[in-house]
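Novice: All residue numbers for the sequence shown refer to this note's numbering, where the first residue is 242 and numbers rise by one. Structure incoming, see below.
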Amino acid sequence: MEGKITLPHLGNLEVSLIWAVLASAFIGLFYGLYLVVKVMRADPGSKEMTDVAAAIQEGARAYLIRQFRALALFIVVIGVGLYVVYRPVYVGAEQRYIPLGIAMAFILGSVASAMAGYVGMSLAVRGNVRVAHAALTSFKRALTIAFQAGTVSGMFTVGLGLMGATIIFLIFKEQAMKVLVGFGFGGCLVALFMRVGGGIYTKAADVGADLVGKVEAGIPEDDPRNPATIADNVGDNVGDCAGMAADVFESYEVTLVAAIILAVGVLIGKDPSAPDYAASQSLALKLIIYPLLVRAVGVFASVIGTWLVRPKDEEIGDPMQSINVGFYSSAIIATVGFGVVAYVYLPDWWRYFMATAMGIVLALVIGALTHYFTHTDKAPVTEIAYASRTGPATMLLTGFASGLESTVWAILAIAATIFGSMVIFQGDPALSAYGIALSGLGLLTTTGYILAMDTYGPIADNANGIFEMSGTQREEGSLPQRIVSRLDQVGNVTKALTKGFAIATAVIAAISLFRSFIEEAGLVEAGIQVNVPTVFIGLLIGGAVPFLFSAMALRAVGRAAFLVVEEVRRQFREIPGIMEFKARPDYARAVDISTAAAQKELLGPGILAIATPLLVSFLLFEPEHRVAALGGYLAGAILTGQLLAVFMANAGGAWDNAKKKIEDGLFGGKGTEYHKAGVICDTVGDPFKDTAGPALNPLIKVMNLVALLAAPVVITAGTSAVTRAVVCVLCLAALAFAVWFSGRGSIVTEAGVQAAKAKPADTHASK
C-alpha cells in the first residue's frame, strides 16, 4: 500500500528537524560515556572484592561473545534472504535500492540491539564492585554509583536507537518508512535471542543455586561455598541487563516504526487529484516527523531525571524515594516537552498531545498494578506468604490465582488506552490507529530512565553477592551489610516495575504493528472476519504459539537447572572442606553448564517465531485468504501472548517477594519450613518472570514484523504454486526440527537416571 502513496519531498524544515533529532541521540550517547568515565573512577575495593567481580565479568563477557557468534550467521542469512525476496517487490529506478536498504537496515538494527545490551552490561559488571565498596562508608555514595552505572544502559539504548532511525531517514528520505521495518525487525530478532538465552542462563543457575544451597544445605543465597553462586551473578547481568536492554531497545524502535507507517496510512484512500490532497500530504509528513521529535524530547527528559536522583546523606535511607523523584520528574518534563512540540508543530495539536500523554498515564497505571500485585506489603504477596503455613502447594495455588487476576486489570488498562485513542480521533480510523502508536511512544518517552531503573537492580544484586562472597563485613546486621541488602531489595522492585512497562509496550507496539499489517495487506475495508474458516484457523494457530514458545523456554530451564543441581550436589559430595571454607568450589563448571544450555536452546524459539507466520502466509490457496488468515494469526498471538506474559511476570514476582517477606522474619524467617516452601515457589516463579514471560515481548513483535514484511511478498507471489509449496515445505521442516530440538536431551535418559540416583542427603553429610 505504501508503494502506491507519494509523499512530498522533505523540505528544509523537516531535514533540519531530523538533524536536531540526530544531535539529541549523540547527546544521549555522550552523556552515557561521561557516566562511564565517572563510574570507573570510583574505587573498586579490596582484592577479595575485585576477584569476585572479575569472575562475574569474565563469565558474562564469555557468554555474550558466544551468543553473538551464534547469532552472526543467522543474521547474515536473514539479511540476504530479505534482499532476495524484496527484489521482485520494489522495482523501478526510484525503488531499486530499497531491497538492499531493508537488508542493511535489518543488520544495522541487529547490531544496534546487541550493542545496547553489551555496553550496558559491560559497565554493570564493573559498577557492581564499586557499589559494594562504596557501601562500606556511605549509603548515598553506593546508591549514586549504582544508579549512574545503570543509566549508561539507558543512554546507549536510546542513543543508538534514535541514531539508527534518523540515519535511515537522512539516507532514504521519502522512502524511509519502507526501510525502517527492516531496522525494527533486526532489533526484535536479537532481543528475542538475548531474552531467551539470557533468561535460560540466569534461571538455570539461580534455580540450581537455590534448591541445593538454600533448601538442602541451608546456606545463604550468595554464600561463597555454593558452586553456582558466580553463575547466578553472571545470569543477573546477561538476563536483566543485556536481555532487558535489547528488549526495550526493540520496543523503542518498533513503536517508532509503527507510528511512522501509520502516519503514512492517513493518505490511504485519498484521491491524488482532489484539491485537499496536498494538505493531506503535508499532514502525513508532519505526523512522520512528530514521533522522532517525541523521542528527542525523551532523551533530554531522561537525562534530567537521572540528574535528580540525589539521595540524602544519611546512614541508611529508602532508595526508592530518590528513584521515584527522578522518574516522576522525567515523566513530567517529557509530557511538557512533547506538549510544546505538538502545539508548535501540529494542527489540532491537543489531539496528538492527549494521545501521547495516554502512554504516560498507562505507564503509571501499569506501575501501580505491578506494585500492588508484587510488593511485599500488599495483600496479594501477604496472602501468598501466609499460605506457606500449609506448604508449597497452597503457596503455588495462591500465586497462580494472583497472577491470573492481574492479567485482567492489565489488559483492561490497555483496552482503555485503545478506546481513548478512538475517542480522541473519533470518526477517523486511520488517525485512531496512529493515536494508539503515539501512546506507545508516550509510554517509552522516558526509556533512558526506565532502563536505568532496571539495570540498577542487577547491579545492586551483584553488589550484595560480591559483598558476601568476598567475606567483607560478613557479620549479620552490620551497617554496610544492611546498606547493600536495602539496595538489593529496592532493585527487586525496580526490576518488577520495568518488566511491567516492557510488557505493556510490547502489546501496544504489537497492536500498532497489527494495524500497520492491515494497511499493508489491503484489509482496511474488508477487515478480518473470524467467521471465515481459514481466518479462524489462523486465529487458533496464533493463539497456540505463545504456549508452545513458553513450553520450550520453561523446559529448557528445567533441563539446565537439573544439570546445575546435580553439579552442585556433586561438588558438595566430592570436594571435602567446602562447607568449612577450607576448599574453593569449582565455580567455572556451573558457568559452563549454564552457558552451554542457554546456547543450545536458542534455535527452537527463533525458528518458531519466524517460520510459523510464514507458514500461515503461504499455506492457503487464495492471496486474500492467506493475508486474512495471517491477520487472524496475529490477533490470536497478541492476545494470548499478553495474557501469558503478565501472568508469568506477576506470579513470579509475587512468589519471589513472598519468599522475601518470610526471610524478613515472618513465621521465624530463614531456615524454617515456611522459608523452604517459599524458596520452592520462588524457583517455580523464576523462569516465569525472568525467562518465558519477558521473552514473549519480543516474540509477538517478531511475528508481527515477519507478517508485515511478508505481506507484500505474499500478494506479489500469489499465483505461484511452486513458491508456496517450497516455502511451506521449508517452514514445516524447520518447525518439526524446532519441536524435536526443544524436546531432545530429556532428563529421562541413561545419564539423567544415573545422575538422579545420587542421594540428596549426601549434601547434608558434607554440611
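C-beta: ideal position from N, C-alpha, C; glycine also.
1) Please state whether DSSP places Lys900 in a helix, a strand or coil.
2) Identify the continuous alpha helix (DSSP H) that holds Thr913 and give its terminal residues.
3) From Tyr442 to Ile501, what distance separates their C-alpha atoms?
4) For the alpha helix (DSSP H) containing Phe347, list its first residue and its last residue.
5) From the DSSP output, in three-state form, read off Gly959 for me.
6) Of all the options Glu556, Asp464, Cys972 and Gly661, which has the alpha carbon lying nearest to the alpha carbon of Arg727?
7) Under DSSP, the alpha helix (DSSP H) around Met485 begins and ends at which residues?
8) Do the stretch 439-458 and the stretch 908-922 make contact, defined as three or more Cβ pairs closer than 8 Å?
9) Would the stretch 627-635 count as touching the stretch 673-682 if we require 3 or more Cβ pairs under 8 Å?
10) Should Gly768 go down as buried or exposed, given a rule of 16 or more other Cβ atoms within 10 Å for buried?
11) Would you kindly check if the distance between the Cβ of Val420 and the Cβ of Gly480 is under 8 Å?
12) By Cβ distance below 6 Å, which residues in the same chain neighbour Ala583 in space, the five residues on each side in sequence not counted?
13) What residue range does the alpha helix (DSSP H) around Gln308 cover?
14) For the alpha helix (DSSP H) holding Phe822, just list the boundary residues, first then last.
15) Does Trp981 pass the burial test, meaning 16 or more other C-beta atoms within 10 Å, or should it be called exposed?
16) Quick one: measure Cβ to Cβ for Gly732 and Ala701, integer angstroms, because I've assumed they're closer than 8 Å.
17) Rounded C-beta distance between Ser835 and Ala598? I'm assuming under 8 Å.
18) In its own chain, which residues sit with a C-beta less than 8 Å from the C-beta of Asp827, not counting the 5 before and 5 after it?
19) Can you give me the Cβ contacts of Gly698 inside the same chain, cut-off strictly under 7 Å, excluding the 5 residues immediately before and after it?
20) Identify whether Val453 lies in helix, strand or coil by the three-state DSSP scheme.
21) On the CB-based measure, 16 or more other CB atoms within 10 Å of its CB, does Met242 come out buried or exposed?
22) Using 10 angstroms around the beta-carbon of Asn772, count the other beta-carbons present and answer buried if the total reaches 16, otherwise exposed.
23) Any chance you could list the alpha helix (DSSP H) runs of at least 4 consecutive residues sitting entirely within the stretch 604-672, in chain order?
24) With a 10 Å radius around its C-beta and 16 neighbouring C-beta atoms as the bar for buried, classify Tyr272 as buried or exposed.
25) Nearest to Ile574 by CA position, among Pro552, Lys553 and Thr547, is which residue?
26) Could you pull out every unbroken alpha helix (DSSP H) segment of at least 4 residues lying fully inside the stretch 698-772, listed in chain order?
27) For Ser379, name the three-state secondary structure that DSSP assigns.
28) Assign Arg796 to one of two classes, buried (16 or more other C-beta atoms within 10 Å of its C-beta) or exposed (fewer than that).
29) Identify which residue in Phe614, Gln562, Gly300 and Leu528 has its Cα closest to the Cα of Leu587.
30) Give the straight-line distance between the Cα atoms of Gly252 and Ile339, rounded to the nearest whole angstrom.
31) Can you tell me which of the three DSSP states Gln336 falls into?
32) Does the distance from the C-beta atom of Ala296 to that of Asn369 stay below 8 Å?
33) Rounded to the nearest angstrom, what separates Gly959 and Ile412 at their Cα positions?
34) Can you find the residues in the same chain that come closer than 7 Å, C-beta to C-beta, to Phe614, ignoring five residues on each side of it along the sequence?
35) Would you be able to state if there are at least three C-beta pairs under 8 Å between the stretch 431-441 and the stretch 307-322?
36) Excluding the 5 residues flanking Ile564 on each side, which residues of the same chain have their C-beta closer than 8 Å to its C-beta?
Specialist: Looking at the coordinates:
1) Taking the first residue of the sequence shown as 1, we reach residue 900 at position 659. DSSP places Lys900 in helix when its eight states are reduced to three.
2) Residue 913 sits at position 672 when you count from the first residue of the sequence shown. Looking at the DSSP string, Thr913 is not in any alpha helix (DSSP H), and its letter there is neither H nor E.
3) The sequence position of residue 442 within the sequence shown is 201, counting from 1. The sequence position of residue 501 within the sequence shown is 260, counting from 1. Rounded to whole angstroms, Tyr442 to Ile501 spans 36 Å at the Cα level.
4) Residue numbering aside, residue 347 sits at position 106 when the sequence shown is read from its first letter. Segment Ile339 to Ala375, the alpha helix (DSSP H) holding Phe347.
5) Stepping through the sequence shown from its first residue, residue 959 is reached at position 718. Because the pLDDT of Gly959 is 49, which lies under 50, any placement of that residue in the model is unreliable, and the question is left without a value.
6) Position 486 of the sequence shown, counted from the start, is the residue given in the question as residue 727. Closest option to Arg727, Cα to Cα, is Glu556.
7) Locating residue 485 in the sequence shown gives position 244, counting from the first residue. Here the alpha helix (DSSP H) through Met485 covers Met485 to Val505.
8) Yes: at least three Cβ pairs fall under 8 Å.
9) no
10) Position 527 of the sequence shown, counted from the first residue, corresponds to residue 768. Exposed is the call here.
11) The residue labelled residue 480 in the question sits at position 239 within the sequence shown. The residue labelled residue 420 in the question sits at position 179 within the sequence shown. Contact: no.
12) Position 342 of the sequence shown, counting from 1, holds the residue named residue 583. Setting aside the 5 residues that flank it on each side, Ala583 is surrounded in the same chain by Trp590, Tyr593 and Phe594, each with a C-beta closer than 6 Å to its C-beta; the list follows chain order.
13) Numbered from its first residue, the sequence shown carries residue 308 at position 67. Gln308 -> alpha helix (DSSP H) spans Lys288 to Tyr327.
14) Taking the first residue of the sequence shown as 1, we reach residue 822 at position 581. Taken as a continuous stretch (DSSP letters only), Phe822 belongs to no alpha helix (DSSP H), as it is neither H nor E.
15) Taking the first residue of the sequence shown as 1, we reach residue 981 at position 740. Exposed, since its Cβ has fewer than 16 Cβ neighbours within 10 Å.
16) By 1-based counting over the sequence shown, the position of residue 732 is 491. By 1-based counting over the sequence shown, the position of residue 701 is 460. Confirmed, Cβ separation roughly 4 Å.
17) In the sequence shown, counting from the first residue as 1, residue 835 sits at position 594. In the sequence shown, counting from the first residue as 1, residue 598 sits at position 357. With 8 Å as the limit, Ser835 and Ala598 do not qualify as a contact, their Cβ atoms being about 43 Å apart.
18) Your numbering for residue 827 matches position 586 in the sequence shown. The answer, listed in chain order, is Pro468, Gln812 and Ile816.
19) Within the sequence shown, residue 698 is the residue found at index 457, counting from 1. Asp481, Gly732, Asn733, Thr735 and Lys736.
20) The count along the sequence shown starts at 1 and reaches residue 453 at position 212. It is helical.
21) As a first step, residue 242 must be located in the sequence shown, where it is residue number 1. Confidence in Met242 is poor, its pLDDT being 45 and thus under 50, which makes the residue's placement too unreliable to answer from.
22) By 1-based counting over the sequence shown, the position of residue 772 is 531. With fewer than 16 Cβ atoms within 10 Å of its Cβ, Asn772 is classed as exposed.
23) Runs of the alpha helix (DSSP H) inside the stretch 604-672: 620-627 and 633-665.
24) Counting from one through the sequence shown, the residue named residue 272 turns up at place 31. By the 10 Å Cβ count, Tyr272 comes out buried.
25) Start at 1 with the first residue of the sequence shown, and residue 574 comes out as number 333. Comparing Cα-Cα distances from Ile574 to each of Pro552, Lys553 and Thr547, the minimum goes to Thr547.
26) Correct list: 720-761.
27) Taking the sequence shown and counting its residues from 1, the one referred to as residue 379 is at position 138. Ser379 falls in the coil class under three-state DSSP.
28) In the sequence shown, the residue the question calls residue 796 occupies position 555. By the 10 Å Cβ count, Arg796 comes out buried.
29) Against the sequence shown, residue 587 aligns to sequence position 346. Among Phe614, Gln562, Gly300 and Leu528, the Cα nearest to that of Leu587 is on Leu528.
30) Within the sequence shown, residue 252 is the residue found at index 11, counting from 1. Within the sequence shown, residue 339 is the residue found at index 98, counting from 1. Rounded to the nearest angstrom, the two C-alpha atoms are 21 Å apart.
31) Taking the first residue of the sequence shown as position 1, residue 336 is located at position 95. Gln336: coil per DSSP, three-state reduction.
32) Position 55 of the sequence shown holds residue 296. Position 128 of the sequence shown holds residue 369. Cβ atoms of Ala296 and Asn369: not closer than 8 Å.
33) Stepping through the sequence shown from its first residue, residue 959 is reached at position 718. Stepping through the sequence shown from its first residue, residue 412 is reached at position 171. Residue confidence for Gly959 is low, a pLDDT of 49 falling below 50, so the modelled location carries little weight and cannot support an answer.
34) Locating residue 614 in the sequence shown gives position 373, where the first residue counts as 1. For Phe614, where only same-chain residues beyond five positions count, the Cβ hits under 7 Å are Pro621, Ser643, Ser647, Asn891 and Ala895.
35) yes
36) Against the sequence shown, residue 564 aligns to sequence position 323. Cβ within range, chain order: Phe388, Val550, Met694, Tyr697, Val731 and Thr735.
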